[in-house]
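Participant: In this note's numbering, the protein residues as written are 124 to 495.
Below: one structure in structure tokens.
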């Protein structure tokens, strides 16, 4: 069967992706070397940005090139074939670049939390990026129809973001190796789940390295799935695991992920108008920047609000202690970090713990004054 795109173009793209992978591996190595003095949390955030950014960009470029060079679909079958081939090519390119980048970072800084085995972390990033880019590129036909103006672009971003939010369990299963819990794991997780009153349609275990501590509650209400990594099951006691589940429950109740989607949609409107020439450059840049900074601040506030609700259920000091144990189990060195995270949707764990400690102190002071 004839390929939907020329074979020589595929060879050219393969060579190009290989060259970019070598370059990003070198950049990743240098980044890790020059950031050894940074705290583990800041280094991990930078690692994610550096690994995800170039991979997504390369995947998108490869997808666009393949689609533009594809056979014009005279039949519905040919159109579907071109679309599927585009998604596969873009996904593979993104996976290759992300694997190369994280390999460079992990080689230079093998003590980075979650990097106990380079092959495992490389496979994790490659699978995640390949899966995400593959799914996004499947939406390309709809994107082409909708992105003729700012409103259409915002609408398609909202649809894709909503699908990612509601389909979080499916996407996680696609981008990570998951399995059913064993009988012992099921009994333990069921007891903890009942204690935290979490409503989950299913429970899955992320089969990953023992140093990666992850607890996630994904999906829309009524269809949520609880994901717990093998590292969390092996390294966290029941009290700490309970605290982490309560925190995730409250974050889900605050619709943090959906709020992040809303911020992205709100950002797309002025950005599209600016790039499309409907807004002057200065106004477009100013409005886009204001929306991004304001939206990120709002989502960070939701995380603090979720911590407050979790503290009401578990105790502020106990929750702070649980966060410390969880992050130490994951290999993070908790250090004070007073820098503002303007371009992050989550505050630092050090700031969250400090805030919980202050909340506990204020509560104890108020109780003493009332009793006095």
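Even glycine gets a Cβ: it sits at the ideal position worked out from N, Cα and C.
Roughly how many angstroms separate the alpha carbons of residue 221 and residue 435, rounded to a whole number?
Facilitator: To locate residue 221, count along the chain shown from 1; it is residue 98. To locate residue 435, count along the chain shown from 1; it is residue 312. Roughly 40 Å between the two C-alpha positions.
Participant: Measuring straight from C-alpha to C-alpha, what distance separates residue 140 and residue 176?
Facilitator: What you label residue 140 is simply residue 17 of the chain shown in a count that begins at 1. What you label residue 176 is simply residue 53 of the chain shown in a count that begins at 1. Distance between the alpha carbons of residue 140 and residue 176: 14 Å.
Participant: Going by C-alpha to C-alpha distance, which of 407, 245, 244, 282 sits closest to residue 262?
Facilitator: Counting from one through the chain shown, the residue named residue 262 turns up at place 139. It is 282 whose Cα lies nearest to the Cα of residue 262.
Participant: Within the continuous alpha helix (DSSP H) that includes residue 369, where are the two ends?
Facilitator: Taking the chain shown and counting its residues from 1, one reaches residue 369 at position 246. Residue 369 -> alpha helix (DSSP H) spans 361 to 376.
Participant: For residue 164 and residue 352, which I take to be in contact (beta-carbon distance under 8 Å), what is that distance rounded to the nearest angstrom?
Facilitator: Your numbering for residue 164 matches position 41 in the chain shown. Your numbering for residue 352 matches position 229 in the chain shown. Residue 164 to residue 352, Cβ: 18 Å. No contact.
Participant: In the DSSP output, what is residue 329 paired with across the bridge?
Facilitator: As a first step, residue 329 must be located in the chain shown, where it is residue number 206. Bridge partners of residue 329: 301, 352.
Participant: Residue 330 to residue 304, Cα distance in whole Å?
Facilitator: Here residue 330 refers to the residue found at position 207 when the chain shown is read from its first residue. Here residue 304 refers to the residue found at position 181 when the chain shown is read from its first residue. Whole-angstrom Cα-Cα distance: 10 Å.
Participant: Taking the straight line between their C-alpha atoms, what separation do you get for residue 214 and residue 476?
Facilitator: By one-based count along the chain shown, residue 214 stands at place 91. By one-based count along the chain shown, residue 476 stands at place 353. The alpha-carbon atoms of residue 214 and residue 476 are separated by roughly 38 Å.
Participant: Suppose the cutoff is 8 Å on Cβ atoms and the five residues either side in sequence are ignored; what does the same chain contact list for residue 491 look like?
Facilitator: Here residue 491 refers to the residue found at position 368 of the chain shown. The predicted model places residue 491 with a pLDDT of 48, which falls under 50 and marks its position as unreliable; any figure quoted below should be read in that light. Nothing listed; no residue qualifies.
Participant: Quick one: what does DSSP say residue 402 is sitting in, helix, strand or coil?
Facilitator: Position 279 of the chain shown holds residue 402. It is coil, neither helix nor strand.
Participant: Can you tell which of 189, 152, 250, 210 has its C-alpha closest to the C-alpha of residue 233?
Facilitator: Position 110 of the chain shown holds residue 233. Comparing Cα positions, the closest option is 152.
Participant: For residue 363 versus residue 441, is the C-beta spacing smaller than 7 Å?
Facilitator: Stepping through the chain shown from its first residue, residue 363 is reached at position 240. Stepping through the chain shown from its first residue, residue 441 is reached at position 318. No, these two residues do not count as a Cβ contact at 7 Å.
Participant: Distance check for residue 238 and residue 219, CA to CA, integer angstroms please.
Facilitator: Counting from 1 along the chain shown, the entry for residue 219 is found at position 96. Counting from 1 along the chain shown, the entry for residue 238 is found at position 115. Whole-angstrom Cα-Cα distance: 18 Å.
Participant: In this structure, how does DSSP classify residue 322 when only helix, strand and coil are distinguished?
Facilitator: Along the chain shown, one-based indexing puts residue 322 at 199. Residue 322 falls in the coil class under three-state DSSP.
Participant: Could you check what DSSP says for residue 336 in three-state terms: helix, strand or coil?
Facilitator: To locate residue 336, count along the chain shown from 1; it is residue 213. Of the three classes helix, strand and coil, the one that applies to residue 336 here is coil, per DSSP.
Participant: Is it right to say residue 294 is buried, meaning 16 or more other beta carbons lie within 10 angstroms of its own, or is it exposed?
Facilitator: The count along the chain shown starts at 1 and reaches residue 294 at position 171. It is buried - the Cβ of residue 294 has at least 16 other Cβ atoms within 10 Å.
Participant: Below 8 Å on the Cβ atoms is my contact criterion, and I expect residue 412 with residue 369 to pass it. Report the Cβ-Cβ distance as a whole number of Å.
Facilitator: Position 289 of the chain shown, counted from the start, is the residue given in the question as residue 412. Position 246 of the chain shown, counted from the start, is the residue given in the question as residue 369. Between residue 369 and residue 412 the Cβ distance is about 35 Å, and since that is not below 8 Å, they are no contact.
Participant: Report the rounded CA-to-CA distance for residue 450 versus residue 443, giving the unit in angstroms.
Facilitator: Translated into the one-based positions of the chain shown, residue 450 becomes position 327. Translated into the one-based positions of the chain shown, residue 443 becomes position 320. Each residue's Cα considered, the two are about 11 Å apart.
Participant: Taking only the alpha-carbon atoms, compute the straight-line gap between residue 479 and residue 313 and give it to the nearest angstrom.
Facilitator: The residue you call residue 479 lines up with position 356 of the chain shown. The residue you call residue 313 lines up with position 190 of the chain shown. In a straight line, the C-alpha of residue 479 is about 28 Å away from that of residue 313.
Participant: Strictly under 7 Å for the Cβ-Cβ distance: is residue 244 near chain C by that measure?
Facilitator: Among the chains in the structure shown there is no chain C, since it carries only a single protein chain.
Participant: Hey, would you say residue 465 sits closer than 7 Å to residue 380, going by beta carbons?
Facilitator: Working through the chain shown from its first residue, we reach residue 465 at position 342. Working through the chain shown from its first residue, we reach residue 380 at position 257. Not closer than 7 Å, so no.
Participant: Please classify residue 135 as buried or exposed, where buried requires at least 16 other C-beta atoms within 10 Å of its C-beta.
Facilitator: Here residue 135 is taken as the residue at index 12 of the chain shown, counted from 1. Classification for residue 135: exposed.
Participant: Considering only residues of the region 210 to 282, which uninterrupted alpha helix (DSSP H) runs meet the minimum length of 4 residues and lie entirely inside it, listed in chain order?
Facilitator: You should have 241 to 261, 263 to 269.
Participant: Thinking C-alpha only, which one of 394, 296, 257, 322 is nearest residue 344?
Facilitator: Numbered from 1 along the chain shown, position 221 holds the residue referred to as residue 344. Among 394, 296, 257, 322, the Cα nearest to that of residue 344 belongs to 322.
Participant: Can you pull the DSSP bridge partners for residue 341?
Facilitator: Within the chain shown, numbered from 1, the residue matching residue 341 stands at position 218. Note: residue 341 sits in a beta bridge opposite 348.
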